[in-house]
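Everything below concerns the one structure shown next.
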Amino acid sequence: MAEFSVWFKPFTSQPARLVDIIDALECVGIDLQALHLGDMPTGAGIIFLDHEAPLPEILESLDAFSLYADTRIIAVAVGPLPTSTTWALLRSGVVEVFSWFEVEKPVQIILSRLRYWEVVEEKVAYLQRRMVGNSRCWLNTLRQVVDMALSNCQVLIMGESGTGKELVAQEIHQLDPRPDKRDCVVVDCTNLIPGLSGSELFGHEKGAFTNAISTRDGALALAHEGTLFLDELGELPLPLQAELLRALQEGTYKRVGSNTWRKARFRLVSATNRDLLAEVHKGTFRQDLYYRISGWTCQLPPLRERKEDIVVLAEHFFRQQHHIQQPVDRQVYDFLLLRDYPGNVRELQQLINRIANKHLGEGPITIGDIPRSDWPDFAQLGSTVPGSELEAGVKRLIYQGLGLKEIKDQVTEIAKKVAIHHENGNLKMAAHRLGCSERILQMHMRGEPEMTVQE
Ligand SMILES: Nc1ncnc2c1ncn2[C@@H]1O[C@H](COP(=O)(O)OP(=O)(O)OP(=O)(O)O)[C@@H](O)[C@H]1O
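Quick note: the sequence shown uses numbering that gives the first Met the number 0, first residue 0, plus one each step.
This is the structure:
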């Protein structure tokens with residue numbers, strides 16, 4: 000039985016070479032299934048191309064594949080490939096590109112990627128139960144989190160407030176494969192008192208300052224053989240930045256009031272909602288420290304860039320945190336989806352808390368459970384209700400001489416475009432929102448007219 004089943008799409012006019020490659024892959028247990036028009040790409044896939052293949056057509060296909068959250072694509076060239084094409088493929092979401100006849104052991108490259116991805120996907124599924132979300136953008140973030148956790152790198156997590164930075168840091172520690180690793184010690188740099196902050200990180204000796212009534216270990220000692228998580232690192236005062244850099248470079252530090260060097264080995268994970276590179280340019284954050292801590296940077300997406308996840312997150316909070324098993328009315332989800340979340344997932348979580356607390360009895364959660372203070376601004380909603388703007392637009396179309404059918408077609412196309420954009424390209428959600436089939440939107444994406452659709 001095949002170890003892996005992988006879809007493939009050829010963009011090459013060299014069928015003989017392609018057959019050889021497919022044979023070689025099938026020999027090591029990789030079963031290849033051709034992807035036909037309208038098929039949904041799931042799991043790992045390979046596109047085959049050569050330097051004569053039509054790049055715009057390939058990029059358009061990759062664009063369409065990118066809508067499917069769980070697919071990862073390798074591009075295999077059956078001949079030499081210009082560097083510009085390689086970069087264009089990577090920019091369009093391909094994870095790996097190489098030329099079959101120019102590398103050693105090409106079969107092994109594919110096999111090792113597939114095996115690694117299998118491990119990663121298993122861990123991503125585990126993470127998804129704690130860091131909820133199914134959108135492509137979130138899945139890619141979780142894959143990156145797994146990659147980082149499995150490496151030995153120092154990690155810098157960036158993202159707006161409430162996007163889940165602390166959660167990610169804790170999960171990196173959980174997934175870290177070091178044998179016998181110890182605890183994850185959290186230091187919130189906003190809480191460091193300038194005069195005593197050295198003590199918080201490095202510890203102090205008895206009598207080192209007025210209130211130092213006993214000797215105390217600092218965070219570096221407590222994190223030895225574990226993880227030190229420095230939250231809000233951008234708030235670390237400059238003098239302490241220098242001391243931290245020393246400790247990271249040398250692996251040694253002194254307690255406040257002591258002359259003895261101590262060793263501390265830990266993995267450093269930092270988080271910030273500031274643009275640290277901008278801080279470096281302003282001179283408020285040390286450049287050398289920045290490069291030391293940012294072995295791997297991970298940018299967490301704000302909730303507005305993964306609106307598809309609002310419903311699953313809300314369900315998670317209702318069910319897991321409030322143990323509410325009753326159904327939730329669609330109107331409630333519509334309300335949640337139309338709202339802005341400057342405070343990201345934390346804001347959504349707090350809103351769900353308020354709704355859950357107001358909900359009484361056995362029935363479903365309804366729009367009546369939304370506290371009055373969270374109601375939308377009706378004055379603002381009124382101005383976007385169909386009427387003036389839509390009427391003016393339609394008037395323009397009539398004056399341009401369009402008939403009823405053409406106007407209807409135009410408005411329909413705009414509705415599809417807006418819904419797909421609103422759902423960040425998730426056709427399923429957009430179709431749900433418009434009350435049409437996903438196939439209609441797939442055809443819209445391919446530029447095919449709707450009248451050919453047989454529902
Ligand atoms: N994907 C998610 N799934 C479930 N809960 C989440 C998710 N992302 C964030 N949360 C929850 O949202 C809240 C805020 O997350 P967290 O504290 O990790 O954010 P943060 O980016 O560190 O925020 P800040 O910068 O304000 O400290 C937490 O209660 C966390 O459990």
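Quick reminder that beta carbons are idealized off the backbone N, C-alpha and C, glycines included.
- Under the three-state reduction of DSSP output, Thr214 falls in the coil class, being neither helix nor strand.
- One alpha carbon belongs to Leu350, the other to Trp86, and they sit about 43 Å apart.
- The DSSP assignment places complete beta strand (DSSP E) segments of no fewer than 3 residues inside the segment 273-355 at 295-298, in order along the chain.
- Straight-line measurement puts the Cα of Thr296 at about 14 Å from the Cα of Leu149.
- Listed in chain order, the non-local C-beta contacts of Gly28 below 6 Å within the same chain comprise Ala1 and Glu2, local neighbours out to five positions each way being set aside.
- Ligand 1 has a heavy atom closer than 6 Å to the beta-carbon of Asn272.
- Under the three-state reduction of DSSP, Ser83 is assigned to helix.
- Per DSSP, Gln32 is one residue of the beta strand (DSSP E) stretching across Ile29 to Ala33.
- DSSP, read as helix, strand or coil, puts Asp175 in coil.
- Rounded to whole angstroms, the gap between the alpha carbons of Val145 and Gln399 is 55 Å.
- Proximity of the segment 221-235 to the segment 177-186 meets the contact definition, three or more beta-carbon pairs being nearer than 8 Å.
- For Arg345, same chain residues with a beta-carbon under 8 Å away, outside a window of 5 residues either side, are Ser160 and Gly161 in chain order.
- Take the alpha-carbon of Arg285 and the one of Ala68: they are about 38 Å apart.
- Asp373: not part of any alpha helix (DSSP H); DSSP gives it neither H nor E.
- In the structure shown, His203 falls within a strand segment according to DSSP collapsed to helix, strand and coil.
- In this chain, Pro448 is not harboured by any beta strand (DSSP E), its DSSP state being neither H nor E.
- Per DSSP, reduced to three states, the secondary structure at Cys183 is strand.
- Classified as exposed, Glu249 has fewer than 16 neighbouring CB atoms from the shown chains inside 10 Å of its CB.
- For Tyr252, the enclosing beta strand (DSSP E) has its first and last residue at Thr251 to Lys253.
- Taking a cut-off of 8 Å for Cβ pairs, the segment 228-244 and the segment 129-139 do not touch, as fewer than three such pairs fall below it.
- About 50 Å separates the beta carbon of Asn258 from that of Leu302, a gap too long to meet the 8 Å contact definition.
- With a beta-carbon spacing of about 28 Å, Leu110 and Glu170 fall beyond the 8 Å limit used to define contacts.
- DSSP places Trp6 in the uninterrupted beta strand (DSSP E) bounded by Phe3 to Phe10.
- DSSP places Ile45 in the strand class (E or B) of the three-state scheme.
- The three-state secondary structure of Met130, taken from DSSP, is coil.
- Collapsing the DSSP output to three states places Met39 in coil.
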